[in-house]
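Chemist:
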Amino acid sequence: MIFLFIFAIMKDYLLQLNESQRKAVIQINGPVMIIAGPGSGKTRVLTFRVAHMISEGIDPFRILCLTFTNKAATEMRQRIAQLHHNDARNLWMGTFHSIFAKILRIEGHRLGYSSNFTIYDTADSKSLIKKLVKDLIPTSKQKLYKESIVYNRISSAKNKLITPEDYEQNIDMLNEDISNHREKFGFLYAAYSQQCFHNGAMDFDDLLLKTYQLLQRCPDVAYKYQNKFKYIMIDEFQDTNHAQYEIIKILAAVHENLCVVGDDAQSIYAFRGATIANILDFAKKYDDLQIYKLEQNYRSTYHIVNTANEIIKQNKNQLVKTIFTERGEGNPIIELIATTDNDEGRIIADKVFELKMRHQLSNKNFAVLYRTNAQSRAFEEAMRRLNIAYKIYGGLSFYQRKEIKDMVAYLRCIVNPLDEVALLRIINYPPRGIGDATINKLLVKSREQNKSMWEIMQQASLNGFSKRTAEDIETFSYLLKSCQIMLAEKNAFAMAEYIAKHSGIMKELYNDKSVEGVSRYENLIELLNSIKEFTESDVAIDADGVLPDDKSLGSYLQQISLLTDTDNIDPNTLDTVSLMTIHAAKGLEFPVVFVVGMEENLFPSIMSISSLEELEEERRLFYVAITRAQDHLFISHATTRYKFGKLEYSEPSRFIAEIPNGNFKRMKSDRQANLGDRHFTTIPSRSNNIFTRNINNRPKPSPAPLANFKADDTTRLEVGMKILHIKFGVGKVSAMDGVGDNRIAVIQFENEGEKKLMLKFAKLKII
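1444 is the number of the first residue of the sequence shown in our numbering; add one for each residue after it.
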């Protein structure tokens, strides 16, 4: 009886699912594809599916679940833990890169790597490439080999599973290099790969390429993990690239209990190597594939959902589905037309202010989504003018700040002294008398003797360095060696605290009393705090399968090296308006969304309309933007915009014409009033930049300036008071917002309609 009672409780979660969700959850055997529309409860389905497997007696150690962000993996693990507390930690659940890094830590010796290899982030990789270009490419040609160009080329090759040896045999790639006058790409790729191996390091793309090579070259390893992972689930399958899919095919080859979850309509990462064909053609790979469509949207109202459906219908390459919602009709989509990009910023800020006052919304309920980061300026300035708190997502990551990179480089050298990139970063920071000439000599000796730079440093006195220089090098080496001895006994925080103090980096930052210096010191303390939290936490923080008792420095470094772009995006942590690119917003939702800059050659981007495939990805990006909105969706564009220092006329995006007329209304900036349009909304507005009158009902002329006008002190101004403005005439205060110098009055003028005025600048006479 007790068993039946427990079994019944564990099955209760199935009652929380709709029919489509429930079918997808209980189908645990064989190949399965779940097409999950936006807001359709995808995370719940994935979570309950894993929980159901465990309820059916499947060993969690044999379940592999791959995601694209640590945040997604952590959320799923926490939800599963609520149903199966002790089993959740036994799942192999995490990002592709974190899971494959774990496998390579265990099996990498088969490829010649030690278990403590370093993982290079993009900045590390580019730093190494820049040095190789300087050393290996003639000065006259170096400008053709910018580190970002070389890095992207190498990354693209690795994601296609093209090794340096394959590259040199690939006629198409070689011809492309020749046509671009970059014949040395293949040579640089080989040199970069050799140096990474020499440094005991892998970059992000190596985590895929090396895992594939491991499974291909070592059949016994492939057999081990094929039998270990009886059940495999992949989230956001539409975002997988060629390398990821090939690895999964190998791992799933024995049992074929492979479940992929995704939405082809949200495939927006081709520029990162994602291959939409993986999801579009998946049905062709398995004859017995079971397909389930999650089509009910729980996030958005009818106008938003129907618009998204009609937009995505324009794409030819897609898996057909029809999203529906039961949340009601909701608000129509509003098109906002501005005269310039600055005017667009003012309109959006005004609208945020208006909706906050009318609906008692918080700043965090709003998101402004744009195609490129460069568009944020106008919105930042407008938000500041109205004292609206905002945060830009996609700026410099905490872990990319110089002081953090410096400290982490020390930690990396303790774990892996062969890491030349990290070693070069800290060998003379803080300054310890090891100058550029000495460093260059160390590098030359390293190449001549085919030894690591670290090995040369151990024998500085025997390698031709002066006595004083050799002592400086050996003193630094001793510091790192003493830390390496402590590694086996000390946790990550103890090691970090020790090196911060004894390296001099903490003192160096503390002594800088400038504003920037204080900020850098505070960032270092914040890093130490985060390491302390890591060592004291009772649960696994990361998603790579590391158990809670592993508080080592190596474990911590792996966690931070595998953070994804979106792991630090959480709009709910601060009460701020979110400003971000549409790519960064994927997976998020907001009550109010503004999709801005909807103009031809901006969105769709002029760089992405040379083929049907590129244009369809831009349309999918618009689809993603639309479906972030829960209740209110605004689409804005400007008639003119500065481009490369010149004011140019802009055409509305072709995507706007694809929105059904019944789903949207149009509003114009007061500067656009003389153009007229049949799509005027009747919703009242508090904005001074937006008006809603019919174009034929023109406002009365403004009164002439008043003679002998003298402004009053407005600190005592309150709602209900009548005022006189020298330009707008008589008006009545209808609302107030802000404090101190940032007080703003919303005033209904008799002849000019509603205006918002910042009181410290406005000249008003109280009457």
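Idealized CB from N, CA, C, for every residue including glycine.
Would you list the residues sitting across from HIS1685 in a DSSP beta bridge?
Modeler: In the DSSP output, where bridge partners are listed per residue, HIS1685 has none listed.
Chemist: Strictly by DSSP, which residues pair up with TRP1897?
Modeler: Paired residues: none, contrary to the question.
Chemist: If you count every other CB in all the chains shown that lies within 10 Å of the CB of ASN1883, and 16 or more means buried, which is it?
Modeler: Exposed, by the Cβ-count rule.
Chemist: Please work out which residues of its chain come closer than 8 Å, Cβ to Cβ, to GLN2115, disregarding the five sequence neighbours upstream and downstream, and give them in chain order.
Modeler: Bear in mind that the predicted position of GLN2115 carries a pLDDT of just 48, short of 50, making it too unreliable to give a figure here.
Chemist: Return helix, strand or coil for ASP1862, following the three-state DSSP convention.
Modeler: In the structure shown, ASP1862 sits in coil (DSSP, three-state: anything other than H, G, I, E or B).
Chemist: Kindly indicate which residue of TYR2066, THR2070, SER2079, ASN2015 has the alpha-carbon position closest to the one of GLY2040.
Modeler: The shortest C-alpha separation from GLY2040 is found at SER2079.
Chemist: Measuring only the C-alpha atoms, how far is TRP1897 from ASP1849?
Modeler: Distance between the alpha carbons of TRP1897 and ASP1849: 18 Å.
Chemist: Are there 16 or more other CB atoms within 10 angstroms of the CB of ILE2210, so buried, or fewer, so exposed?
Modeler: Exposed is the call here.
Chemist: Could you name the residues of the same chain whose beta carbon sits closer than 6 Å to that of ILE2166, not counting the 5 residues immediately before and after it, in chain order?
Modeler: Result list for ILE2166: GLY2174, LEU2207, ILE2209, in chain order.
Chemist: With distances taken between CB atoms, is the gap from VAL1468 to LEU1534 smaller than 8 Å?
Modeler: Not a contact, by the Cβ cut-off of 8 Å.
Chemist: Hey, LEU2211 and TYR1842: beta-carbon distance below 8 Å or not?
Modeler: The requested residue 2211 is not part of the displayed model; the chain covers only 1444 to 2210.
Chemist: Go to ALA2178, then tell me how far its beta strand (DSSP E) extends in each direction, as first and last residue.
Modeler: From DSSP, the beta strand (DSSP E) with ALA2178 extends over 2172-2180.
Chemist: Look at the alpha carbon of SER1825 and the alpha carbon of SER2093, and state the distance between them as a whole number of angstroms.
Modeler: For the record, residue 1825 in the displayed sequence is Ala; it is not Ser. Using only the alpha carbons, I get a separation of about 21 Å.
Chemist: May I have the straight-line CA-CA distance separating THR1654 from SER2096, to the nearest angstrom?
Modeler: Those two C-alpha atoms are separated by around 43 Å.
Chemist: Quick check: does the Cβ of GLU1951 come within less than 7 Å of any heavy atom belonging to the ligand NAD?
Modeler: Judged by which ligands are present, the structure shown has none, so any question about the ligand NAD falls away.
Chemist: Figure out for me which residue from ALA1686, LYS1603, SER1568 has the closest Cα to the Cα of GLN1637.
Modeler: When each option's Cα is compared against that of GLN1637, the closest is SER1568.
Chemist: Take every Cβ of the segment 1476-1486, pair it with every Cβ of the segment 1687-1706, and state whether three or more of those distances are shorter than 8 Å.
Modeler: Touching, yes, given that three or more Cβ pairs across the two stretches are closer than 8 Å.
Chemist: Rounding to the nearest angstrom, what Cα-Cα distance links LEU1457 and ARG1465 in this structure?
Modeler: Near 6 Å, if we compare the C-alpha coordinates of ARG1465 and LEU1457.
Chemist: With DSSP as the reference, please indicate the residues paired to PRO2095 in a beta bridge.
Modeler: DSSP lists GLU2042 as partners of PRO2095.
Chemist: Can you tell me which residues form a DSSP beta bridge with ARG2084?
Modeler: Beta-bridge pairing links ARG2084 to GLU2091.
Chemist: Assign SER1463 to buried or exposed, taking buried as 16 or more other Cβ atoms, counted over all protein chains shown, within 10 Å of its Cβ.
Modeler: It counts as buried.
Chemist: Cα separation between LYS1514 and LEU1547?
Modeler: Roughly 22 Å separates the two Cα atoms.
Chemist: Going by alpha carbons, who is nearest to GLY1788 out of GLY1473, VAL2038, LYS1924?
Modeler: Checking every option, the nearest Cα to that of GLY1788 belongs to VAL2038.
Chemist: Using CA atoms only, rank isn't needed, just tell me which of ASN1642, TYR1556, LYS2198, TYR1610 is closest to VAL1864.
Modeler: With distances taken between Cα atoms, VAL1864 lies closest to ASN1642.
Chemist: Quick check on LYS1975: does DSSP put it in helix, strand or coil?
Modeler: Residue state, collapsed to three classes: helix.
Chemist: Counting pairs of Cβ atoms below 8 Å between the segment 1687-1696 and the segment 2025-2038, do you hit three or more?
Modeler: Flag = no, the segment 1687-1696 and the segment 2025-2038 do not touch.
Chemist: Give me the Cα-Cα distance between TYR1921 and THR1561, rounded to the nearest whole angstrom.
Modeler: Distance between the alpha carbons of TYR1921 and THR1561 is about 21 Å.
Chemist: In terms of alpha-carbon separation, which member of ARG1890, ILE1719, LEU2000 lies closest to ALA1852?
Modeler: The shortest C-alpha separation from ALA1852 is found at LEU2000.
Chemist: Report the start-end ranges of each beta strand (DSSP E) in the segment 1507-1574 that is 3 residues or longer and not cut off at the edges.
Modeler: As far as the segment 1507-1574 is concerned, its whole beta strand (DSSP E) runs of at least 3 residues are 1535-1538, 1561-1563.
Chemist: Run through the segment 1669-1731 for me and flag every whole beta strand (DSSP E) of 3 or more residues, listed as ranges in chain order.
Modeler: Runs found: 1674-1677, 1701-1705.
Chemist: In whole angstroms, what is the alpha-carbon distance linking ASN1774 and GLU1518?
Modeler: Going from the Cα of ASN1774 to the Cα of GLU1518 covers about 31 Å.
Chemist: Could you name the residues of the same chain whose beta carbon sits closer than 8 Å to that of ILE1973, not counting the 5 residues immediately before and after it, in chain order?
Modeler: Going by the sequence as given, residue 1973 is Ser instead of Ile. Result list for SER1973: empty, nothing under 8 Å.
Chemist: Rounded to whole angstroms, what's the CA-CA distance from GLU1772 to LEU1631? Just pull it up for me.
Modeler: Approximately 57 Å, taken between the alpha carbons.
Chemist: According to DSSP, simplified to helix, strand and coil, what is GLN1470?
Modeler: Correct three-state label for GLN1470: coil.
Chemist: Nearest by alpha-carbon distance to THR1490: which of ILE1677, LEU1658, ILE1605 is it?
Modeler: Ranking ILE1677, LEU1658, ILE1605 by Cα distance to THR1490 puts ILE1677 first.
Chemist: Is GLU1550 closer than 8 Å to LEU1657 when the C-beta atoms are compared?
Modeler: Yes; because the gap between Cβ atoms is below 8 Å, this pair is in contact.
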